[in-house]
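If you read the protein sequences in the order shown, they are chains A and B.
Under numbering that gives the first Met the number 0, read the first sequence as residues 0 to 258, first letter to last.
Under numbering that gives the first Met the number 0, read the second sequence as residues 0 to 323, first letter to last.
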Amino acid sequence: MDIAVCVKQIPSPDTPGRLDAATGRLDRSGGLVLDDSDSYSVEMALRLAEQSGGGEVTLVSMVPDGEVAGLRTALAMGAARAVVVSDPALAGSDALSTAKVLAAALRRIGAPLVLTATESTDGYTGTVPVQVAELLGQPSVSFARRIELDGGQLRVERQTESGYDEVSCPLPAVVSVTAGVVEVRYPSFKGIMGARSKPVEQLDLAALGLDPAAIGSAGARQQVVAVERAEARSAGEVITDDGSGYERVIAVLDDWKVI
Amino acid sequence: MALSTVWVLAEQRGGKPSPALGELLTAARARADAVDAVTWGAGAAALAALAGAHGARRLLDLGDLGDSLPGPCVAAALAAEIGAGRGPEALFVATSYDGRDVAARLSARLDRPVLTNVVGLSSDADGSLVSEHVVFGGSEVVRARFTGEGPGIYLIRPKSFVAEPVGGAAAELVGLALPDAGARDAARIVERHAEERSGPSLDEANVVVSGGRGLGSADNYSLVEQLARLLHGAPAASRAIVDAGWVPYSYQVGQTGKTVKPSVYIACGISGATQHLVGMKGAAHVVAINKDPEAPIFKLADLGIVGDVNAVLPKLIDALERRS
Numbered sequence: 000m001d002i003a004v005c006v007k008q009i010p011s012p013d014t015p016g017r018l019d020a021a022t023g024r025l026d027r028s029g030g031l032v033l034d035d036s037d038s039y040s041v042e043m044a045l046r047l048a049e050q051s052g053g054g055e056v057t058l059v060s061m062v063p064d065g066e067v068a069g070l071r072t073a074l075a076m077g078a079a080r081a082v083v084v085s086d087p088a089l090a091g092s093d094a095l096s097t098a099k100v101l102a103a104a105l106r107r108i109g110a111p112l113v114l115t116a117t118e119s120t121d122g123y124t125g126t127v128p129v130q131v132a133e134l135l136g137q138p139s140v141s142f143a144r145r146i147e148l149d150g151g152q153l154r155v156e157r158q159t160e161s162g163y164d165e166v167s168c169p170l171p172a173v174v175s176v177t178a179g180v181v182e183v184r185y186p187s188f189k190g191i192m193g194a195r196s197k198p199v200e201q202l203d204l205a206a207l208g209l210d211p212a213a214i215g216s217a218g219a220r221q222q223v224v225a226v227e228r229a230e231a232r233s234a235g236e237v238i239t240d241d242g243s244g245y246e247r248v249i250a251v252l253d254d255w256k257v258i
Numbered sequence: 000m001a002l003s004t005v006w007v008l009a010e011q012r013g014g015k016p017s018p019a020l021g022e023l024l025t026a027a028r029a030r031a032d033a034v035d036a037v038t039w040g041a042g043a044a045a046l047a048a049l050a051g052a053h054g055a056r057r058l059l060d061l062g063d064l065g066d067s068l069p070g071p072c073v074a075a076a077l078a079a080e081i082g083a084g085r086g087p088e089a090l091f092v093a094t095s096y097d098g099r100d101v102a103a104r105l106s107a108r109l110d111r112p113v114l115t116n117v118v119g120l121s122s123d124a125d126g127s128l129v130s131e132h133v134v135f136g137g138s139e140v141v142r143a144r145f146t147g148e149g150p151g152i153y154l155i156r157p158k159s160f161v162a163e164p165v166g167g168a169a170a171e172l173v174g175l176a177l178p179d180a181g182a183r184d185a186a187r188i189v190e191r192h193a194e195e196r197s198g199p200s201l202d203e204a205n206v207v208v209s210g211g212r213g214l215g216s217a218d219n220y221s222l223v224e225q226l227a228r229l230l231h232g233a234p235a236a237s238r239a240i241v242d243a244g245w246v247p248y249s250y251q252v253g254q255t256g257k258t259v260k261p262s263v264y265i266a267c268g269i270s271g272a273t274q275h276l277v278g279m280k281g282a283a284h285v286v287a288i289n290k291d292p293e294a295p296i297f298k299l300a301d302l303g304i305v306g307d308v309n310a311v312l313p314k315l316i317d318a319l320e321r322r323s
């Protein structure tokens, strides 16, 4: 079974992000890496494709300036190819615009199963996967911690506030995968070398038949009115443990009346 | 000038109102002339009293969803009301598993954006709603507003507002039709599993004990659980150990995870990446135990212990056991 995985390249978490005060947008001028959250859905897709008796895993991503360096990580893990959408009109896209672009690309690919992370690490709206499902007219199961193929159906364990629900879902469908639920493979040397020659299809909005006026900053119907520094908490007492540090903890817990 | 009507999505958890309901209704009341709540499931009657006490005029009840997931059904019902001109000016939804599904489905269906991760609300000079969002681990605050046609959909992080009852009578229970959501509603809940939890839930706990990478191994997480139990609190986790598969996602505190505001937050072996701090900096008191004296968590802790968490915690647990 062919599977599409929506992934995102984000500024490296080692270099803290910032908002451009003039535009109110995320400053993405640093280097981009594959969002760690996506490694779990890529891994899950590779396993499911294998279990189903074979099939291609295709990465789908919206990228600034044709940037694909971060996607090579997922290609090195074993994804067969990538379809990326890059267009100057996409700058300033909100989550719904992103979902429209991904849905249009996914329609072209036509994979019966679409996997995503639950949210990106930089934007973290957590709405894109289900917006994509709605636009495709498909069912979705969000916050999956386990996915199995059962005949032509999916069996999914979905995280809930009090435990989990076992959900059955026919295909086509969109499933978002929570982090930490599968052990992610390290790309092999062969995988890394092979990733360089894997096909990456570059599309723009015109190729997808999308109207630039309805997407990106032109289509955003939300506006940042101010960006300010937040109030910071101040540090208190810091002591080095000499074996009796726990006594100080007990003392403050006593003061705060929790014991 | 206030908004005329705000609707609040009123989720239930095991037949009881979600703890965020009072918070959202209080926030809605401050911004709108009339507030209604929308719910589904078995506990509507009990919820009507609580909704009314927090200022809701009506409780719109979708009834039992059977084995459907809430996202597509609730969004279809809300879209039908909005399409018929009976909708609100704004919809407030708590950031939860089902809340996000409903907001995302409705957004795509109505072609309206969602303002996500809202932590505060105000009104600007012309009366329109301005939402507050913290970004980059809480170092910056962004204020935003909708510019297009309503209703505005707001995903609000739990614990952003304090629930204040006004002592109103029970909300008037009004049935709302549940339209057929077609193929979008094809997923079926086969079985619901409740995981055993001896203490309070993470978002309601007065004390939260949270573990991170500094614990060294998944096995050592049991120290966090023991301490939480002794303090009648809830165990939690940093993203690093959730990603590593030590504990489930539902334990995660942070930007991509839960926001908690307990009286006391005890960070064990957590360095305090900005992504984590945004989820816990609202705690009244913070204790941090970490080997690295330069760890950012010490910059906001009331008490910081520089030391090995695996040496400090057993002594702390032992001392608390002797006291009880």
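Think of the CB as a built atom: it goes at the ideal place given N, C-alpha and C, for glycine as much as any other residue.
His275(B), buried or exposed, once every other Cβ within 10 Å from all chains shown has been counted against 16
The residue in question, His275(B), is buried, as its Cβ has 16 or more Cβ neighbours within 10 Å.
Taking 7 Å as the threshold (C-beta atoms), are Glu88(B) and Ser209(B) in contact?
Not in contact: Ser209(B) and Glu88(B) (Cβ atoms no closer than 7 Å).
DSSP on Lys7(A), reduced to helix/strand/coil?
Looking at Lys7(A) - three-state DSSP - the assignment turns out to be coil, as it is neither helix nor strand.
So within the segment 79-108 of chain A, which uninterrupted beta strand (DSSP E) runs reach at least 3 residues, ignoring any that extend past its ends?
Inside the segment 79-108 of chain A, DSSP marks whole beta strand (DSSP E) runs of 3 or more residues at positions 80-84, from first to last along the chain.
When you compare the CB of Ala194(A) with every CB in chain B, is at least one pair closer than 7 Å?
False, the Cβ-Cβ gap to chain B never drops below 7 Å.
So if DSSP puts Ser122(B) in a beta bridge, which residue, or which two residues, is it bridged to?
Per DSSP, Leu128(B).
Can you pull the chain A neighbours of Asp125(B), defined as C-beta to C-beta under 8 Å?
Among the residues of chain A, none has a CB under 8 Å from the CB of Asp125(B); the nearest is roughly 12 Å distant.
Alpha carbons only, please: which of Asp242(B), Gly42(B), Glu163(B), Arg156(B) is nearest the one belonging to Thr124(A)?
Among Asp242(B), Gly42(B), Glu163(B), Arg156(B), the Cα nearest to that of Thr124(A) is on Arg156(B).
For chain A, find out if any of its Cβ atoms is closer than 7 Å to the Cβ of Glu190(B); answer yes or no.
So yes, Glu190(B) belongs to the interface.
Decide if Thr115(B) is buried, meaning its Cβ has at least 16 other Cβ atoms within 10 Å, or exposed.
Flag for Thr115(B) reads buried.
Report yes or no: is there a C-beta of chain B within less than 7 Å of the C-beta of Gln8(A)?
Not one chain B Cβ lies under 7 Å of Gln8(A).
Looking only at C-alpha atoms, which of Gly62(B), Arg108(B), Gln254(B), Ala93(B) sits nearest to Gly82(B)?
It is Arg108(B) whose Cα lies nearest to the Cα of Gly82(B).
Proximity test, Cβ basis, 7 Å: Ser197(B) and chain A:
No, Ser197(B) lies away from the interface with chain A (no Cβ there is under 7 Å from its Cβ).
Positions along the segment 136-149 of chain B whose CB lies within less than 9 Å of some CB in chain A:
So the close ones are Gly136, Gly137, Ser138, Glu139, Val140, Val141, Arg142, Ala143, Arg144, Phe145, Thr146, Gly147, Glu148.
For the candidate residues Val161(B), His192(B), Ser237(B), Glu195(B), whose alpha-carbon lies nearest to that of Gly21(B)?
When C-alpha distances from Gly21(B) are compared across Val161(B), His192(B), Ser237(B), Glu195(B), the shortest belongs to Val161(B).
Could you name the residues that DSSP lists as bridge partners for His192(B)?
According to DSSP, His192(B) shares a beta bridge with Tyr163(A).
Buried or exposed, going by whether 16 or more other CB atoms sit within 10 Å of the CB of Ile269(B)?
Residue burial annotation: Ile269(B) is buried, with at least 16 other C-beta atoms found within 10 angstroms of its C-beta.
Tell me, please, whether the CB atom of Arg107(A) is closer than 7 Å to any CB atom in chain B?
Using beta-carbon distances, Arg107(A) does not count as an interface residue toward chain B, since no partner is under 7 Å.
Cβ closer than 7 Å: which chain B residues qualify as neighbours of Pro169(A)?
The answer, in chain order, is Ala185.
Limits of the beta strand (DSSP E) - the one that Glu171(B) falls within
For Glu171(B), the uninterrupted beta strand (DSSP E) segment begins and ends at 171-174.
So with CB distances below 9 Å, who are the chain B contacts of Val237(A)?
Chain B residues near Val237(A): Ala287, Pro292, Phe297, Ala300, Leu302, Gly303, Ile304, Val305.
Going by DSSP, what residues sit across from Met61(A) in a beta bridge?
Here Met61(A) is bridged, per DSSP, to Val84(A).
What's the call for Pro128(A), buried or exposed, on a 16-neighbour Cβ count within 10 Å?
With 16 or more other Cβ atoms within 10 Å, it is buried.
List the residues that DSSP assigns as beta-bridge partners of Lys197(A).
Under DSSP, no beta-bridge partner is assigned to Lys197(A).
Straight-line Cα distance separating Ile108(A) from Ser92(A)
Computed Cα separation, rounded: 22 Å.
Taking just the CA atoms, how far does Val140(A) sit from Ile188(B)?
Straight-line spacing of the CA atoms in Ile188(B) and Val140(A) works out to 10 Å.
I'd like to confirm the pairing. Which residues does DSSP put opposite Lys257(B) in its beta bridges?
Val252(B).
Identify the contact partners of Ala217(B) in chain A, using a Cβ-Cβ distance below 9 Å as the criterion.
Going along chain A, no residue has its Cβ under 9 Å from Ala217(B), so there is no contact; the nearest lies around 11 Å.
Length of the line joining the Cα atoms of Ala102(A) and Ala3(A)
For Ala102(A) and Ala3(A), the gap between their C-alpha atoms comes out near 11 Å.
Leu68(B) and Ala186(B) - do their beta-carbons sit closer together than 7 Å?
Going by C-beta atoms, Ala186(B) is nearer than 7 Å to Leu68(B).
Three-way DSSP call (helix, strand, coil) for Gly151(B) in this model:
The answer is strand: DSSP assigns Gly151(B) an E or B state.
State the beta-bridge partners of Gly210(B) as determined by DSSP.
Paired residues: Ala236(B), Cys267(B).
Under 7 Å by beta carbon: chain A residues contacting Leu114(B):
Going along chain A in sequence order, the residues near Leu114(B) (Cβ under 7 Å) are Gln221.
Applying the criterion that 16 or more other CB atoms from any shown protein chain within 10 Å of the CB defines a buried residue, is Glu190(B) buried or exposed?
Classification for Glu190(B): exposed.
Under 7 Å, do Val67(A) and Leu202(A) count as touching if we go by C-beta distance?
Against a cut-off of 7 Å, the Cβ pair of Leu202(A) and Val67(A) comes out as no contact.
Please state the DSSP three-state secondary structure of Glu49(A).
Assigned with DSSP and collapsed to three states, Glu49(A) falls in helix.
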